[in-house]
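Colleague:
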Ligand SMILES: Nc1nc2c(ncn2[C@@H]2O[C@H](COP(=O)(O)OP(=O)(O)O)[C@@H](O)[C@H]2O)c(=O)[nH]1
Ligand SMILES: [Mg+2]
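In UniProt numbering, the protein residues as written are 1 to 427.
#1: Please confirm if the segment 51-60 is in contact with the segment 241-252, defined as three or more CB-CB distances below 8 Å between the two stretches.
#2: Tell me the DSSP secondary structure of residue 74 in three-state form.
#3: Should the segment 140-151 be called in touch with the segment 203-210, which here means at least 3 C-beta pairs below 8 Å?
#4: Can you check the segment 141-174 for any alpha helix (DSSP H) of at least 4 residues that lies completely inside it and give the ranges in chain order?
#5: Whose CA, out of 18, 43, 216, 175, lies closest to the CA of residue 195?
#6: For residue 81, which option in 104, 183, 88, 66 has the closest C-alpha, if you only look at C-alpha atoms?
#7: In terms of DSSP beta bridges, what is residue 254 paired with?
#8: Have a look at 100, 328, 65 and flag the residue whose alpha-carbon is nearest the alpha-carbon of residue 78.
#9: Can you have a look at residue 313 and say buried or exposed, based on whether 16 or more other CB atoms are within 10 angstroms of its CB?
#10: Classify residue 169 as buried or exposed, calling it buried when 16 or more other Cβ atoms lie within 10 Å of its own Cβ.
#11: For ligand 4, is there any heavy atom lying closer than 7 Å to the beta carbon of residue 74?
#12: Who are the Cβ neighbours of residue 212 in its own chain at under 8 Å, not counting the five residues just before and after it?
#13: If you run the structure through DSSP and keep just helix, strand and coil, what is residue 314?
#14: Here's a check: name, in chain order, each residue in its chain whose Cβ is nearer than 7 Å to the Cβ of residue 85, leaving out the five neighbours to either side.
#15: Which two residues bound the contiguous alpha helix (DSSP H) that contains residue 446?
#16: What residue range does the beta strand (DSSP E) around residue 98 cover?
#17: Pick helix, strand or coil for residue 260, following the three-state DSSP scheme.
#18: If you follow the alpha helix (DSSP H) that residue 125 is part of, which residue opens it and which one closes it?
#19: Do residue 225 and residue 443 come within 8 Å of each other at the CB atom, strictly closer than that value?
#20: Return the bridge partner residues of residue 21 from the DSSP annotation.
#21: How many angstroms separate the CA atom of residue 354 from the CA atom of residue 262?
#22: In its own chain, which residues sit with a C-beta less than 7 Å from the C-beta of residue 294, not counting the 5 before and 5 after it?
#23: For residue 419, count the other beta carbons within 10 Å of its own beta carbon; 16 or more makes it buried, fewer makes it exposed. Which is it?
#24: Whose C-alpha, out of 72, 259, 50, is nearest the C-alpha of residue 155?
#25: How far does the beta strand (DSSP E) with residue 42 in it reach, from first residue to last?
#26: Which whole runs of the beta strand (DSSP E) in the segment 201-253 are 3 residues long or more, in chain order?
#27: Does at least one heavy atom of ligand 2 sit under 7 Å from the Cβ of residue 65?
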């Protein structure tokens with residue numbers, strides 16, 4: 001098992017504890033590792049002038065429609081210097097901060113940063129709906145002086161493209177290229193050395209540069225923050241869903257090791273009781289990460305206009321769009337072919353003297369691994385099918401099917417049609 005494929009230094013400690021047969025230490029360490037990921041705070045500052053589209057971006061990032069309850073208020077002129085926190089609905093430790101425009105506060109850049117409490121932010125996104133101005137640049141320079149990162153987002157790209165589309169010689173690629181270049185040149189002229197500019201439409205995050213923004217942030221952030229960001233990302237591409245699946249899969253080894261360590265405690269019945277609680281936690285995590293919980297699906301329905309029932313109809317996993325309980329999970333697990341046999345073997349093997357304990361560990365590991373892997377694959381497939389469904393929705397005229405998504409679509413269809421019984425075996 002590829003247990004070493006974790007960037008964390010904790011991995012070595014766990015391995016050592018397991019090898020030394022120090023189970024309680026191993027359990028503590030594995031739990032620490034799993035919890036750490038879940039509890040990593042990520043604070044993203046969104047700034048830019050009033051009307052630039054900050055609040056809409058905050059909502060879109062959290063998978064919310066502007067009109068929804070709990071959404072940041074949009075289309076209102078800023079009059080106060082209030083900083084508002086918008087926690088991610090599924091990962092409240094990931095927070096988007098809607099900052100007032102520097103022009104609204106009338107503070108100089110250094111005072112502005114102090115005023116908004118810059119220390120807590122992991123990075124800044126500076127939004128503008130047209131060219132970037134002196135205020136944006138002064139702020140960027142001050143952010144840099146504070147040794148924080150910043151990225152420029154040129155918003156409302158859909159508006160620009162709509163206007164350009166009227167021209168006879170319209171080429172989307174060319175228009176986007178020019179806009180990007182103009183923004184970069186404008187920032188250079190104002191003194192920013194190598195500005196990173198991303199063209200975004202908050203109404204269509206799956207188009208233009210939002211994916212690129214994620215990739216860039218992914219590169220720049222430290223490992224644990226990277227995971228927090230990925231999990232909170234809206235499902236804008238099949239690739240994002242696949243990346244989520246891969247990080248969950250990496251954690252699967254630790255969950256399986258945890259289950260194995262627990263199973264080796266020679267008390268009948270205990271291993272299964274502990275395992276189920278651990279499994280419920282893990283599966284709930286997958287469901288939330290893929291946005292397959294009831295509330296996320298309602299949000300998806302609201303923001304895309306696809307009826308909830310239609311979304312629900314493509315979902316196969318019995319664990320999506322329901323409240324996950326121990327009872328439900330046990331029922332689902334028992335329905336997964338072969339599962340029952342594995343668990344029975346585990347229970348039996350524990351009582352075989354000497355060989356029993358290590359054998360129980362092995363069985364527990366493989367059982368947990370196979371079951372969670374099966375569930376994870378099925379949920380990821382559901383998320384991909386949902387994405388394909390919402391991208392297909394008719395009102396979005398021929399906006400463009402980005403060329404790069406065509407192979408991914410094929411791949412998604414292929415994944416979607418793979419017989420699920422194979423995935424129980426495949427890793
Ligand atoms: N077409 C389009 N309009 C947008 C976009 N982002 C924001 N808007 C609109 O621009 C206006 C101002 O947006 P808002 O988010 O309130 O800006 P803020 O003042 O910076 O928070 C609102 O009417 C939004 O609907 C976008 O990506 N595309
Ligand atoms: Mg606003």
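Glycine included, each C-beta is placed from N, C-alpha and C at the ideal position.
Note that the structure is a prediction, hence the values are computed from the model and not measured.
Modeller: Answer, in terms of the structure:
#1: No: fewer than three Cβ pairs fall under 8 Å.
#2: In this structure, residue 74 counts as coil in the three-state DSSP scheme.
#3: The segment 140-151 vs the segment 203-210: no contact.
#4: Counting whole runs of 4 or more residues, the segment 141-174 contains the alpha helix (DSSP H) stretches 157-165.
#5: Answer by Cα proximity: 216.
#6: Out of 104, 183, 88, 66, 104 has the C-alpha closest to the C-alpha of residue 81.
#7: Beta-bridge analysis with DSSP links residue 254 to no other residue.
#8: Looking at the Cα atoms, 100 is the closest of the given residues.
#9: Here residue 313 is exposed: its Cβ has fewer than 16 other Cβ atoms, across all protein chains shown, within 10 Å.
#10: Under this definition residue 169 is an exposed residue.
#11: Although ligand 4 was asked about, the structure shown includes only ligand 1 and ligand 2 as ligands.
#12: If we look at residue 212 and ignore the five residues flanking it on each side, its Cβ neighbours are 198.
#13: Here residue 314 sits in helix by DSSP.
#14: Correct list, in chain order: 95, 97.
#15: Residue 446 falls outside the range modelled here, since the chain spans only 1 to 427, and no answer is possible.
#16: 94-98 is the extent of the beta strand (DSSP E) around residue 98.
#17: Residue 260: helix per DSSP, three-state reduction.
#18: Unbroken run through residue 125 is the beta strand (DSSP E), 123-128; no alpha helix (DSSP H).
#19: Residue 443 is absent from the model: the chain starts at 1 and stops at 427.
#20: The partner list for residue 21 (beta bridge, DSSP) is empty, contrary to what the question assumes.
#21: Caution is warranted here: a pLDDT of 47 is assigned to residue 354, below 50, making its placement in the model unreliable, and the coordinate value is therefore given only provisionally. Counting only the Cα atoms, residue 262 lies some 17 Å from residue 354.
#22: Excluding sequence positions up to five before and after residue 294, its CB lies within less than 7 Å of the CB of 321, all in the same chain and listed in chain order.
#23: For residue 419, the pLDDT reaches just 36, beneath the cut-off of 50, and the residue's location in the model is therefore unreliable, although a value from the coordinates is still provided. Residue environment for residue 419: exposed (fewer than 16 other C-beta atoms within 10 angstroms of its C-beta).
#24: Closest by alpha carbon: 50.
#25: Following the DSSP letters along the chain, one finds residue 42 inside the beta strand (DSSP E) bounded by residues 42-48.
#26: Those beta strand (DSSP E) runs which fall completely within the segment 201-253 and span 3+ residues do not exist here.
#27: Placement of the Cβ of residue 65 at a distance of 7 Å or more from every heavy atom of ligand 2 is found.
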